[in-house]
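Engineer:
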Amino acid sequence: MSDFFSKPVGKDLLPNVIGTLAIRGVVKGQAIANTINTVTRVTVVKVYRSTRVHIQEGSSIELWTNSTCVCPELTKRKEYLIVGYEDLSTQRLLFLDSCLSVKWKNKLDRRIKNWEKKIARSKRNQKCRRKKGKRCRKNRKNKSKRNKTKENRRNKMIRDNSLSANKNP
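In structure tokens:
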């Protein structure tokens, strides 16, 4: 994970972070599970995004991290916005190098809500809103009749030139 603590949380930071899990939580502690993994215990304050691993607000969860991860250590009793991944096969929550953790600020709540609205709006706009009987032009390539006729003329000239070159030898 790149060091997000040294960078200010800009408007464009959240939409660029990809993850299947987004929570706001208070760090309770860390422990070394084995030589490979470190476990961070977090109490969930609010769930912003989750897929199939069920996370309840107010419950304690475990974030699994590789011991080779260069991410900054999360401080106990501090509140963070955590964006990570869910491993569906083991039902674990993963905090890897590409994940995000930012100390919680109240303005992040409003920013996350706006982010979710933008995502919902973009999903809504992808659908064609035409009636079933009419054809949808949304996914068509932008070729007008004029461009098609120019292409046809060009192709015809090329074809004619190649045919005449073959006949002349």
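Note that the sequence shown covers residues 1 to 169 in the UniProt record's numbering.
Where is the CB? At the ideal position from N, CA and C, for every residue including glycine.
Report the CB separation of residue 30 from residue 38 in whole angstroms; it is logged as a contact under 8 Å.
Structural biologist: About 6 Å; that satisfies the 8 Å criterion.
Engineer: Count the other C-beta atoms from every protein chain shown that fall within 10 angstroms of the C-beta of residue 32, then say buried if there are 16 or more, exposed otherwise.
Structural biologist: It counts as exposed.
Engineer: Mind checking whether residue 178 and residue 83 have CB atoms under 7 Å apart?
Structural biologist: Here the chain has residues from 1 to 169 only, and residue 178 is not among them.
Engineer: Here's the rule I'm using: 16 or more other beta-carbon atoms within 10 Å means buried, otherwise exposed. How should residue 120 be labelled?
Structural biologist: Exposed: under 16 other Cβ atoms inside 10 Å.
Engineer: Have a look at residue 78 and residue 117 and give me their C-alpha separation to the nearest angstrom.
Structural biologist: Residue 78 and residue 117: Cα-Cα distance of roughly 28 Å.
Engineer: When the cut-off is 7 Å and only beta carbons count, does residue 84 lie next to chain D?
Structural biologist: Of the chains in the structure shown, none is chain D; there is only one protein chain.
Engineer: If contacts are defined as beta-carbon pairs under 8 Å, then residue 41 and residue 60 qualify, I think. What distance do you get, rounded to the angstrom?
Structural biologist: So it is a contact: roughly 6 Å between Cβ atoms.
Engineer: Leaving out five residues on either side along the sequence, give the residues of the same chain with a beta carbon under 8 Å from the beta carbon of residue 112.
Structural biologist: If we look at residue 112 and ignore the five residues flanking it on each side, its Cβ neighbours are 14, 22, 48, 81.
Engineer: Name the one or two DSSP bridge partners that residue 103 has.
Structural biologist: Its beta-bridge partners are 80.
Engineer: How is the beta strand (DSSP E) around residue 62 delimited, first residue to last?
Structural biologist: Unbroken beta strand (DSSP E) run through residue 62: 60-66.
Engineer: At what residues does the beta strand (DSSP E) containing residue 31 begin and finish?
Structural biologist: Residues 21-32.
Engineer: Per DSSP, what kind of secondary structure is residue 52 in: helix, strand or coil?
Structural biologist: Residue 52 falls in the coil class under three-state DSSP.
Engineer: For residue 86, which of helix, strand or coil comes out of DSSP?
Structural biologist: Correct three-state label for residue 86: strand.
Engineer: Could you compute how far the alpha carbon of residue 115 sits from the alpha carbon of residue 86?
Structural biologist: Taking the straight line from one Cα to the other gives about 20 Å.
Engineer: Quick check on the DSSP output: the beta strand (DSSP E) that includes residue 94 runs from which residue to which?
Structural biologist: It spans 92-94 - the beta strand (DSSP E) in which residue 94 sits, taken as one unbroken run.
Engineer: Per DSSP, which one or two residues make a beta bridge with residue 111?
Structural biologist: Paired residues: none, contrary to the question.
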